[in-house]
Amino acid sequence: MHYSRLCALLIDCNTPDIDKAASFWAEALGRPVDMDHPGTRGNYRMLETPDDEPIVQIQRVSHESRVHLDIETDDIPAEVARLEKLGAQVVDRLERWVVMQAPSGQRFCVVRIQRPGFPKNANRWD
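Count the sequence shown with numbering that gives the first Met the number 0 and you get residues 0 to 125, in order.
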């Protein structure tokens with residue numbers, strides 16, 4: 000048995016200026032950039048997010064700009080196996096997360112718990 004839930008919306012930006020991209024998305028979404036958040040570092044900028052809502056993170060990438068989702072779980076291998084049974088494929092296994100691709104082509108990540116209150120609003124999988 001394990002739990003998982005939508006964790007984050009990540010806005011992947013192929014840009015030399017991550018601060019400019021983060022400023023745009025902060026204004027567009029009405030959420031200020033949170034420069035004090037531990038996730039704001041290097042290529043990453045976090046937007047202020049209420050505890051009960053998915054995280055919004057802006058990240059500088061070398062691939063094309065796109066948006067992807069993160070699914071957080073208390074058991075990454077179990078969640079990856081569950082999603083593979085649904086038809087998703089593993090693209091890359093990294094140190095702390097797994098990049099997957101849905102049968103319809105969208106990329107997403109399975110990550111360890113990121114937000115407070117877990118497993119509130121999470122699905123239980125047996």
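Virtual Cβ for every residue (Gly too), placed ideally from N, Cα, C.
If you're wondering where the values come from, they're calculated on a predicted model, not measured in any experiment.
Under the DSSP definition of a beta bridge, which residues are partnered with M99?
Taking the first residue of the sequence shown as 1, we reach residue 99 at position 100. According to DSSP, M99 bridges with V89, F107.
Cβ atoms of V60 and L28: under 8 Å apart, would you say?
For the purposes of this step, residue 28 is taken as the residue at position 29 of the sequence shown. For the purposes of this step, residue 60 is taken as the residue at position 61 of the sequence shown. Against a cut-off of 8 Å, the Cβ pair of V60 and L28 comes out as no contact.
Using a threshold of 8 Å, state whether the C-beta atoms of E78 and R111 are closer than that.
As a position in the sequence shown, residue 78 is number 79, starting the count at 1. As a position in the sequence shown, residue 111 is number 112, starting the count at 1. No.
Pick out whichever of L46, G104, R123, W96 has its Cα sitting closest to the Cα of D69.
The sequence position of residue 69 within the sequence shown is 70, counting from 1. Per the Cα distances, W96.
DSSP state of A7 mapped onto helix, strand, coil
Working through the sequence shown from its first residue, we reach residue 7 at position 8. Of the three classes helix, strand and coil, the one that applies to A7 here is strand, per DSSP.
What's the C-alpha gap between E47 and L5?
Position 48 of the sequence shown, counted from the start, is the residue given in the question as residue 47. Position 6 of the sequence shown, counted from the start, is the residue given in the question as residue 5. Taking the straight line joining both Cα atoms gives about 17 Å.
With 16 as the cutoff for other CB atoms within 10 Å, does D35 come out buried or exposed?
On the sequence shown, residue 35 is found 36 positions in, with the first residue counted as 1. Residue environment analysis places D35 among the exposed positions, since fewer than 16 neighbouring C-beta atoms fall within 10 angstroms of its C-beta.
For R114, the three-state DSSP class (helix, strand or coil)
Here residue 114 refers to the residue found at position 115 when the sequence shown is read from its first residue. Three-state DSSP puts R114 in coil, outside helix and strand.
Which of helix, strand or coil does DSSP assign to E26?
In the sequence shown, counting from the first residue as 1, residue 26 sits at position 27. DSSP, read as helix, strand or coil, puts E26 in helix.
Determine the closest residue to V109 out of P53, A21, V89, with distance taken between C-alpha atoms.
Counting from 1 along the sequence shown, the entry for residue 109 is found at position 110. Out of P53, A21, V89, the CA that lies nearest to the CA of V109 is found in V89.
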